[in-house]
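Participant:
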Amino acid sequence: MASQDQTSLSGFYSWTDTLKGVYYGPGSTKTALPKLLNILGIKKALLVTGKSLHDKTGIVKNIEGILKEHSAYGATFYEIGQHSPIAGIHRGLELFTQLQCDGIVAVGGGSPVDASKAILYLQQKETGGPTLSQIAIPTTLSAAEYSIGAGYTDDEGNKVAVSSQSLAPAGIILDAELTLATPDRLWLAQIFLVVHLKIY
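In this note's numbering, the protein residues as written are 1374 to 1573.
#1: Please classify glycine 1483: does DSSP put it in a helix, a strand, or coil?
#2: Go to threonine 1404, then tell me how far its alpha helix (DSSP H) extends in each direction, as first and last residue.
#3: Quick check: lysine 1403 and isoleucine 1439, are their CB atoms within less than 8 Å of each other?
#4: Rounded to whole angstroms, what is the Cα-Cα separation between alanine 1554 and histidine 1427?
#5: Secondary structure at lysine 1441, three-state DSSP: helix, strand or coil?
#6: Mind checking which residues open and close the beta strand (DSSP E) that includes glutamate 1452?
#7: By the DSSP assignment, the beta strand (DSSP E) with lysine 1416 in it spans what residues?
#8: With a threshold of 16 other CB atoms inside 10 Å of the CB of glutamate 1518, please say whether the residue is buried or exposed.
#9: Between which two residues does the beta strand (DSSP E) containing glutamine 1507 stretch?
#10: Can you give the Cα-Cα distance for cysteine 1474 and serine 1489, rounded to whole angstroms?
#11: Can you say whether proline 1511 is buried or exposed, counting buried as having 16 or more other CB atoms within 10 angstroms of its CB?
#12: Is the beta carbon of proline 1542 sitting closer than 8 Å to the one on isoleucine 1508?
#13: I'd like to confirm the pairing. Which residues does DSSP put opposite serine 1536 in its beta bridges?
#14: In chain order, what residues of the same chain lie with their CB nearer than 6 Å to the CB of leucine 1495, ignoring the 5 residues before and after it?
#15: Is it buried or exposed, serine 1515, if we count other Cβ atoms within 10 angstroms and call 16 or more buried?
#16: If leucine 1413 and glycine 1481 are in contact, beta carbons under 8 Å, what's the gap, nearest whole angstrom?
#17: Tell whether a beta-carbon distance below 8 Å holds between serine 1425 and threonine 1526.
See the structure below:
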């Protein structure tokens, strides 16, 4: 028999209206990404990632291949540093606009996912149109793919945040094979943080 929790915690949770699907399983990117591109109507995607993932693994090349196979590849932008500096976000927005992309595929940890949200936020502010879609493919435990907020750092290094229901990724792919290149020290730091959050 389960015992009832005696804490005074209470709350409410509601999923965002933007989410069209969460696909999961080892190797699921190959089948899930084309499905999400089709569902979201993305014809030309900017692939946003970090330099390490781009330079040190084959993950980005594989995802580029899937996008190219489905004629949905715009370019790869990998100038996103830790904590998503605004300078990289502006360069990403410039490329997104120049190539006339209509969606983003973010691959990596919280920085590429949050930077992608910020790019889409700024793009919407510039055009006045709808917020375009993001497909998030996380390789860490940041959980940025589930939030409506985008955290980044300004030119002075201060943390800045923007938030909107429409910024939550419209598609999420949880592919365990893509996490194999994540360094052990990063996994350990994330697990340490989760355990300590539970304790407090």
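For glycine and all other residues, C-beta sits at the position ideal for the given N, C-alpha and C.
Just so you know, these numbers come straight off a predicted model, no measurement behind them.
Facilitator: So, from the data block:
#1: Translated into the one-based positions of the sequence shown, residue 1483 becomes position 110. Of the three classes helix, strand and coil, the one that applies to glycine 1483 here is helix, per DSSP.
#2: The residue given as residue 1404 occupies position 31 in the sequence shown. Run containing threonine 1404: 1402–1413, per the alpha helix (DSSP H) assignment.
#3: In the sequence shown, residue 1403 corresponds to position 30, counting from 1. In the sequence shown, residue 1439 corresponds to position 66, counting from 1. Less than 8 Å separates the beta-carbon of lysine 1403 from that of isoleucine 1439.
#4: Residue numbering aside, residue 1554 sits at position 181 when the sequence shown is read from its first letter. Residue numbering aside, residue 1427 sits at position 54 when the sequence shown is read from its first letter. When rounded, the distance between both Cα atoms is 11 Å.
#5: Locating residue 1441 in the sequence shown gives position 68, counting from the first residue. Of the three classes helix, strand and coil, the one that applies to lysine 1441 here is helix, per DSSP.
#6: In the sequence shown, the residue the question calls residue 1452 occupies position 79. Its beta strand (DSSP E) spans residues 1446–1453.
#7: In the sequence shown, counting from the first residue as 1, residue 1416 sits at position 43. Looking at the DSSP string, lysine 1416 is not in any beta strand (DSSP E), and its letter there is neither H nor E.
#8: Position 145 of the sequence shown holds residue 1518. Within 10 angstroms of the beta-carbon of glutamate 1518 lie 16 or more other beta-carbons, which makes it buried.
#9: As a working note, residue 1507 is residue 134 in the sequence shown. That run of the beta strand (DSSP E) goes 1506–1511.
#10: Within the sequence shown, numbered from 1, the residue matching residue 1474 stands at position 101. Within the sequence shown, numbered from 1, the residue matching residue 1489 stands at position 116. Roughly 13 Å separates the two Cα atoms.
#11: Here residue 1511 refers to the residue found at position 138 when the sequence shown is read from its first residue. Proline 1511 comes out buried.
#12: Residue numbering aside, residue 1542 sits at position 169 when the sequence shown is read from its first letter. Residue numbering aside, residue 1508 sits at position 135 when the sequence shown is read from its first letter. In this structure, isoleucine 1508 lies closer than 8 Å to proline 1542 by Cβ.
#13: The residue given as residue 1536 occupies position 163 in the sequence shown. In the DSSP assignment, the residues bridged to serine 1536 are Gly1522.
#14: Your numbering for residue 1495 matches position 122 in the sequence shown. Result list for leucine 1495: Leu1466, in chain order.
#15: Counted from its first residue, the sequence shown places residue 1515 at position 142. With 16 or more other Cβ atoms inside 10 Å of its own Cβ, serine 1515 counts as buried.
#16: Looking up residue 1413 in the sequence shown gives position 40. Looking up residue 1481 in the sequence shown gives position 108. In this structure, leucine 1413 and glycine 1481 do not form a Cβ contact; the two beta carbons are roughly 20 Å apart against a cut-off of 8 Å.
#17: Translated into positions along the sequence shown, residue 1425 becomes position 52. Translated into positions along the sequence shown, residue 1526 becomes position 153. No, the Cβ-Cβ distance between serine 1425 and threonine 1526 is not below 8 Å.
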